[in-house]
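Residue numbers (the numbering used here): 6 to 414. For each residue, glycine too, the CB sits at the ideal point set by N, CA and C. Scroll down for the structure; my scribbles are underneath it.
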């Protein structure tokens, strides 16, 4: 059973697994000094949002075949981990520490499985997985740092710049000790553990570095056992049963009502609302938008374009849907400011890539988000990229008019 199952799972990548090392090596060379942490973000994104999508196809095997569920789960877990290793290998050529950093992305794989089993909707899993990945990576470390600094200032009686200069050494020592203590409390944050792990590697503090790895491994094991427990009892039909959106406004044409329902049921848009309301800086919200808006453009392509043949709207309808979704996402402008133009350009670029290969576009989302993250907050960059977004949109229309719909979808 092992070899056929492995072949079946590899078919999910449709021969594109060999492209991942090449893509990873090119990204590592492009990012230079930042390359050690790129595998964490890339693998973490895939583990939390992309790979759990295979859970639905695996559950489909439970219906006609008497496979043991525990063996199926472990084989799926092993294959996804091996895929992550393949992605990380090119980065090791540039920096050996990147392999160690990527270990902290491991908890996101069983977490993604949990989301897939609980939410029972691939779109919800994708959106919530991205949100949790960003939150667990960035929010707890920031909270720990602020709490450590505030408590250290209060304990040492630092109320002015003069007090700080007089007690600088004691202050930094106390802040470091408090950060280590508080980071242990937030064991559920791989980002917080990774930050201290990187510091320990620079300071040759092997004992504490191993402790951070142990915390992450233990948390991964707990999540894996939880996901396995749910997997052993879940009813496959719950994930496989289709749930088309409701049809509203009966006076309108059926195809228009269906597209309107799809727009309101956009999971990525629903994930945008809590992100904008979170009490965090606008920079972090803008960084999250660089992920969500391109994912929303892929939602536009999630339905088979063959349905366009039965709609009196022509092939431009997909492009119009993209423009409508982009206009809806414009409600984030008061929260992210000039960064919206950067997200719009990324969304148009991902939309164009998705017209050729949706799997490739999904892999490109985190890479493009990290590549264009330095442009966040720049008005000039936003205006420039907004204007440049017309280029991929024009090419997208050219592609839509000439693509073979029978071989796509």
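Requested in this report: Could you check the C-alpha separation between residue 365 and residue 371 for me, to the nearest Å?
Outcome: Walking along the chain shown from the start, residue 365 turns up at place 360. Walking along the chain shown from the start, residue 371 turns up at place 366. Rounded to whole angstroms, residue 365 to residue 371 spans 11 Å at the Cα level.
Query raised in the report: Taking C-alpha atoms, which residue in 78, 342, 217 lies nearest to residue 184?
Result: The residue you call residue 184 lines up with position 179 of the chain shown. The shortest Cα separation from residue 184 among 78, 342, 217 belongs to 217.
Query raised in the report: Where does residue 286 sit, in a helix, a strand or coil, going by DSSP?
Result: One-based indexing of the chain shown puts residue 286 at position 281. In the structure shown, residue 286 adopts coil according to DSSP, grouped into three states.
**Report entry** Proximity test, residue 386 beta-carbon vs the ligand SAM heavy atom, cut-off 7 Å
**Finding:** Ligands displayed in this structure: none; no statement on the ligand SAM is therefore possible.
Query raised in the report: Among residues of its own chain, excluding the 5 on either side of residue 276, which ones have a beta-carbon nearer than 8 Å to its beta-carbon?
Result: In the chain shown, counting from the first residue as 1, residue 276 sits at position 271. Answer for residue 276: 132, 133, 135, 136, 297, listed in chain order.
Query raised in the report: By how many angstroms is the C-alpha of residue 209 removed from the C-alpha of residue 334?
Result: Reading the chain shown from its first residue, position 329 is the one you call residue 334. Reading the chain shown from its first residue, position 204 is the one you call residue 209. Taken atom to atom, the span from the alpha-carbon of residue 334 to that of residue 209 is near 46 Å.
Query raised in the report: So is residue 7 buried or exposed if we call it buried at 16+ other beta carbons inside 10 Å?
Result: Here residue 7 corresponds to residue number 2 of the chain shown, with the count starting at 1. In this prediction, residue 7 scores a pLDDT of 46, lower than 50, which makes its location untrustworthy; the coordinate-derived value is nonetheless stated afterwards. Exposed, since its Cβ has fewer than 16 Cβ neighbours within 10 Å.
**Report entry** Extent of the continuous alpha helix (DSSP H) run through residue 80
**Finding:** As a working note, residue 80 is residue 75 in the chain shown. First-last of the alpha helix (DSSP H) with residue 80: 74 to 99.
Query - Buried or exposed by the 16-neighbour rule on C-beta atoms within 10 Å, applied to residue 221 - result: On the chain shown, position 216 is the one that residue 221 refers to. By the C-beta density criterion, residue 221 is buried, having at least 16 other C-beta atoms within 10 angstroms.
Query raised in the report: Looking at the unbroken alpha helix (DSSP H) that takes in residue 127, where does it start and where does it end?
Result: On the chain shown, position 122 is the one that residue 127 refers to. In the DSSP assignment, residue 127 falls within the alpha helix (DSSP H) that extends over 127 to 161.
Requested in this report: Could you spell out where the alpha helix (DSSP H) holding residue 385 opens and where it closes?
Outcome: Taking the first residue of the chain shown as position 1, residue 385 is located at position 380. Where residue 385 is concerned, the enclosing alpha helix (DSSP H) stretches over 384 to 393.
Query raised in the report: For the alpha helix (DSSP H) that contains residue 231, what are its first and last residues?
Result: Against the chain shown, residue 231 aligns to sequence position 226. Judged by DSSP secondary structure, residue 231 falls within the alpha helix (DSSP H) whose first and last residues are 211 to 238.
**Report entry** Straight-line gap, residue 404 to residue 398 (C-alpha atoms, nearest Å)
**Finding:** Residue 404 sits at position 399 when you count from the first residue of the chain shown. Residue 398 sits at position 393 when you count from the first residue of the chain shown. The alpha-carbon of residue 404 is positioned some 10 Å away from that of residue 398.
**Report entry** Host alpha helix (DSSP H) of residue 103 (start-end)
**Finding:** Here residue 103 corresponds to residue number 98 of the chain shown, with the count starting at 1. Segment 102 to 107, the alpha helix (DSSP H) holding residue 103.
Report task. Would you identify the three-state DSSP class for residue 345, choosing helix, strand or coil? Result -> The residue you call residue 345 lines up with position 340 of the chain shown. Residue 345: helix per DSSP, three-state reduction.
Query raised in the report: Excluding the five sequence neighbours on either side, which residues of its own chain have a C-beta within less than 7 Å of the C-beta of residue 46, listed in chain order?
Result: Position 41 of the chain shown holds residue 46. Same-chain partners within the cutoff: 371, 375.
Query - Option nearest residue 232 by Cα separation, candidates 51, 44, 50, 60 - result: The residue you call residue 232 lines up with position 227 of the chain shown. Looking at 51, 44, 50, 60, the one whose alpha-carbon comes closest to that of residue 232 is 60.
Report task. Give a yes or no on whether the C-beta atoms belonging to residue 289 and residue 363 are separated by under 8 Å. Result -> Numbered from 1 along the chain shown, position 284 holds the residue referred to as residue 289. Numbered from 1 along the chain shown, position 358 holds the residue referred to as residue 363. No. Outside cutoff.
Query raised in the report: Are three or more beta carbon pairs between the segment 155 to 170 and the segment 84 to 91 nearer than 8 Å?
Result: The segment 155 to 170, when compared against the segment 84 to 91, does not touch it at the 8 Å Cβ threshold.
Query - Counted within 10 angstroms of its Cβ, other Cβ atoms place residue 343 as buried (16 or more) or exposed - result: Reading the chain shown from its first residue, position 338 is the one you call residue 343. With 16 or more other Cβ atoms within 10 Å, it is buried.
Query raised in the report: Do the segment 343 to 358 and the segment 109 to 125 touch if we need at least three Cβ pairs shorter than 8 Å?
Result: Judged by Cβ distances under 8 Å, the segment 343 to 358 makes no contact with the segment 109 to 125, as fewer than three pairs qualify.
Report task. Under 6 Å Cβ to Cβ from residue 352, same chain only, skipping five residues before and after it: list those, please. Result -> Looking up residue 352 in the chain shown gives position 347. 298, 299, 302, listed in sequence order.
Requested in this report: Measure the alpha-carbon distance for residue 359 versus residue 395 and round it to whole angstroms.
Outcome: Residue numbering aside, residue 359 sits at position 354 when the chain shown is read from its first letter. Residue numbering aside, residue 395 sits at position 390 when the chain shown is read from its first letter. For residue 359 and residue 395, the gap between their C-alpha atoms comes out near 16 Å.
Query - Exposure of residue 464, with buried meaning 16 or more beta-carbon neighbours within 10 Å - result: Shown here, the chain extends from 6 to 414; a query on residue 464 therefore has no answer.
Query raised in the report: Among the residues of its own chain, which have a CB less than 8 Å from the CB of residue 357, if the five just before and after it don't count?
Result: Reading the chain shown from its first residue, position 352 is the one you call residue 357. Annotation for residue 357: 397, 398, 400, 401, 404 place their beta carbon closer than 8 Å to its own, counting only its chain and skipping 5 residues before and after.
Query raised in the report: Any idea if residue 273 is buried or exposed, counting beta-carbon neighbours within 10 angstroms, 16 or more meaning buried?
Result: The count along the chain shown starts at 1 and reaches residue 273 at position 268. Buried.
Query raised in the report: Below 8 Å, can you find three or more Cβ-Cβ pairs linking the segment 144 to 157 to the segment 88 to 106?
Result: No, the segment 144 to 157 is not in contact with the segment 88 to 106.
Query raised in the report: How big is the Cα-Cα spacing for residue 408 and residue 113?
Result: Walking along the chain shown from the start, residue 408 turns up at place 403. Walking along the chain shown from the start, residue 113 turns up at place 108. Between the C-alpha atoms of residue 408 and residue 113 there is a straight-line separation of about 36 Å.
Query raised in the report: Where do the ends of the alpha helix (DSSP H) carrying residue 42 lie?
Result: Locating residue 42 in the chain shown gives position 37, where the first residue counts as 1. Where residue 42 is concerned, there is no enclosing alpha helix (DSSP H), given that its DSSP letter is neither H nor E.
**Report entry** Distance, residue 349 Cα to residue 332 Cα
**Finding:** Indexing the chain shown from 1 puts residue 332 at position 327. Indexing the chain shown from 1 puts residue 349 at position 344. Put simply, the backbone Cα of residue 332 is about 10 Å away from that of residue 349.
Report task. Would you give the residue range spanned by the alpha helix (DSSP H) that residue 177 belongs to? Result -> Locating residue 177 in the chain shown gives position 172, counting from the first residue. Segment 173 to 190, the alpha helix (DSSP H) holding residue 177.
Query raised in the report: Going by C-alpha distance, which of 338, 192, 323 is nearest residue 294?
Result: Mapped onto the chain shown, residue 294 falls at position 289. Distance from the Cα of residue 294 is smallest, within the candidate group 338, 192, 323, for 338.
Query raised in the report: For residue 280, which option in 75, 341, 171, 367 has the closest C-alpha, if you only look at C-alpha atoms?
Result: Residue mapping note: residue 280 aligns to position 275 of the chain shown, counting from 1. Per the C-alpha coordinates, the member of 75, 341, 171, 367 positioned closest to residue 280 is 341.
**Report entry** Contacting residues, own chain, Cβ-Cβ under 7 Å from residue 224 (five flanking each side not counted)
**Finding:** Working through the chain shown from its first residue, we reach residue 224 at position 219. Closer than 7 Å at Cβ, skipping near neighbours: 112, 192, 193.
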